[in-house]
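Student:
There are 2 protein chains.
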Amino acid sequence: MTPPDGTAPDAYAKTDRSRIRRNNVRARYDREAVHGVLDAGLMCHVAYVFDGQPYVTSTAYWRSGAYVYWHGSSASRMIRRVGVGVPVCFSVALLDGVVLARSGFHHSFNYRSVVAYGTAEEIEDTDEKLHALEAFTERLVPGRWAELRAPTEQEMKATAVMRMELREVAAKIRQGPPSDDAEDMDAPVWAGVLPTHRAFGRPEADPAMRQGIREPDYLKHIRFD
Amino acid sequence: MTPPDGTAPDAYAKTDRSRIRRNNVRARYDREAVHGVLDAGLMCHVAYVFDGQPYVTSTAYWRSGAYVYWHGSSASRMIRRVGVGVPVCFSVALLDGVVLARSGFHHSFNYRSVVAYGTAEEIEDTDEKLHALEAFTERLVPGRWAELRAPTEQEMKATAVMRMELREVAAKIRQGPPSDDAEDMDAPVWAGVLPTHRAFGRPEADPAMRQGIREPDYLKHIRFD
């Protein structure tokens with residue numbers, strides 16, 4: 001079964017909540033930019049309000065169509081509180097570099113971030129939930145799902161999958177060298193960017209793994225730095 | 001001037017807000033664990049409530065003593081809203097690996113995260129603020145601050161530095177191989193961890209930099225992957 005992913009608009013809504021004020025030259029509302037950031041990240045921060053208090057849960061997520069998804073234990077505070085349809089702020093931030101400017105003031109980060117406002121709902125339909133979990137696993141390690149046994153009924157009950165439609169969404173992206181003031185450009189100080197990225201190390205096999213299992217080919221497609 | 005960093009307790013308060021329920025074997029409240037995670041991260045997520053709606057700002061942060069700090073434009077929404085002392089949820093999450101278990105259910109991330117609840121205050125004292133900005137720069141790139149011109153009065157006014165005392169704080173840490181069910185241990189599937197880490201690339205000099213400036217020695221101390 002195909003989930004009702006909807007069709008993502010060319011650009012997301014710029015509302016009072018989602019419109020970026022500071023450094024708005026960095027703001028992007030178009031689908032390409034927003035999806036690009038979302039598809040590059042692995043961990044999101046889900047914020048919600050309970051009893052007037054803000055809470056944040058950091059967790060794995062994935063995107064499909066115009067929805068972001070995350071999962072958790074059916075018994076978790078986050079799932080129980082967010083599942084009732086309260087306002088959610090969904091946030092992803094990727095650090096790309098430390099920007100060393102000629103003044104302290106213009107030091108910065110290069111980054112790609114997305115913030116989405118909306119409400120989340122729990123996926124109740126079992127087939128749809130299974131499809132979502134498959135998409136999640138395949139996104140992390142393409143080729144993995146087919147090797148795994150099917151989830152048990154109990155595991156499916158213990159797992160909640162949340163979905164939030166992307167509507168009011170903004171990406172904010174800073175790239176490139178420092179933006180120094182004109183009068184600082186000749187300062188006798190090194191200026192530039194110290195780039196950062198997420199790197200994968202060599203896979204570490206579980207010491208308890210049964211004998212004779214080779215490292216799967218799908219792990220060989222990951223770029224190790 | 002030394003900021004009033006306070007003395008961090010041996011362990012942080014386990015309150016109704018901060019106590020970890022799910023997978024509480026991963027919970028840590030001791031200073032060593034909490035500070036270890038905070039000192040390893042570069043970006044935090046600051047959540048607050050405005051008009052019943054949760055907002056999250058991802059930004060740079062640093063820790064000193066029993067306080068976390070972050071900064072922003074004095075005119076930013078986040079600074080204006082958080083500066084009045086509303087409840088804040090401060091969150092940092094570091095991804096250390098993708099855990100490939102023998103069942104989909106036990107797939108996981110290795111991670112280190114910290115969540116702190118409290119209120120933030122803006123640092124008003126100019127000397128204290130300057131000291132904090134120096135600590136921030138030196139934390140990012142030790143040795144950098146001494147090379148930079150002093151901030152101007154206007155730059156200091158345009159920059160707000162926020163401080164939040166660490167009181168109700170919990171770290172959550174998952175490490176090591178998958179935790180599979182006993183009946184899955186002999187499954188014919190590769191199990192283990194795909195480790196991830198933040199890597200730095202070679203420094204990229206600003207093409208507009210004036211001639212004859214060598215790459216500073218302090219950039220050579222950073223480990224490039």
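Line by line, the protein sequences are chains X and H. Just so we're aligned, residue 1 is where the first sequence starts under full-length UniProt numbering, counting upward by one. Just so we're aligned, residue 1 is where the second sequence starts under full-length UniProt numbering, counting upward by one. From the three backbone atoms N, C-alpha and C, an ideal C-beta is built for every residue, glycine too.
Would you give the residue range spanned by the alpha helix (DSSP H) that Glu-155(H) belongs to?
Tutor: 153-158
Student: Given this structure, state the Cα-to-Cα distance separating Ser-74(H) from His-106(H), to the nearest angstrom.
Tutor: Approximately 45 Å, taken between the alpha carbons.
Student: What does DSSP give as the partner residues of His-71(X) in its beta bridges?
Tutor: According to DSSP, His-71(X) bridges with Val-161(X).
Student: What are the boundary residues of the alpha helix (DSSP H) that Thr-126(H) is part of?
Tutor: In the DSSP assignment, Thr-126(H) falls within the alpha helix (DSSP H) that extends over 126-140.
Student: Starting from Val-49(X), find everything on chain H with Cβ-Cβ shorter than 8 Å and list it in chain order.
Tutor: Within chain H, the residues near Val-49(X) are Val-49, Gly-52, Gln-53 and Pro-54.
Student: Determine, using beta carbons only, whether Met-164(X) comes closer than 8 Å to chain H.
Tutor: no
Student: Where do the ends of the alpha helix (DSSP H) carrying Thr-78(X) lie?
Tutor: Note on identity: in this sequence residue 78(X) is Met, with Thr being the wrong assignment. That run of the alpha helix (DSSP H) goes 77-82.
Student: List the DSSP bridge partners of Ser-18(X).
Tutor: Bridge partners of Ser-18(X): none, in fact.
Student: Can you find a CB in chain X that lies within less than 8 Å of the CB of Ala-27(H)?
Tutor: no
Student: Would the beta-carbon of Tyr-111(H) fall within 8 Å of that of Leu-94(H)?
Tutor: yes
Student: Apart from the five residues on each side of it in sequence, which residues of its chain come closer than 8 Å, Cβ to Cβ, to Val-37(X)?
Tutor: Val-92, Leu-94, Arg-112, Ser-113, Val-114, Ala-171 and Ile-173
Student: List the residues of chain X whose Cβ lies closer than 9 Å to the Cβ of His-45(H), in chain order.
Tutor: His-45, Ala-47, Val-56, Ser-58, Ser-91 and Ala-93
Student: Consult DSSP for Trp-145(X) and reduce its assignment to one of helix, strand or coil.
Tutor: DSSP, read as helix, strand or coil, puts Trp-145(X) in helix.
Student: Return yes when the Cβ of Ser-103(H) is within less than 8 Å of the Cβ of Asp-184(H), no when it is not.
Tutor: yes
Student: I believe Gly-6(X) touches Gly-65(X) by the beta-carbon criterion, under 8 Å. Please report the beta-carbon distance rounded to the nearest angstrom.
Tutor: 5 Å
Student: According to the Cβ coordinates, are Val-56(H) and Val-56(X) closer than 8 Å?
Tutor: yes
Student: Please list, in chain order, the chain X residues whose beta carbon lies closer than 8 Å to that of Ser-113(H).
Tutor: Ser-58
Student: What's the gap between the Cα of Tyr-61(H) and the Cα of Gly-72(X)?
Tutor: 28 Å
Student: Identify the residues that DSSP records as bridge partners of residue 246(H): which are they?
Tutor: Past the edges of chain H, shown from 1 to 225, lies residue 246(H), and the structure says nothing about it.
Student: Could you name the residues of chain X that Ala-170(H) contacts, counting a contact when the two beta carbons are closer than 8 Å?
Tutor: Those do not exist, as Ala-170(H) stays about 12 Å from chain X at its closest Cβ, beyond 8 Å.
Student: My understanding is that Met-162(H) touches Val-82(H), with C-beta atoms under 8 Å, so please give their C-beta distance in whole angstroms.
Tutor: 6 Å
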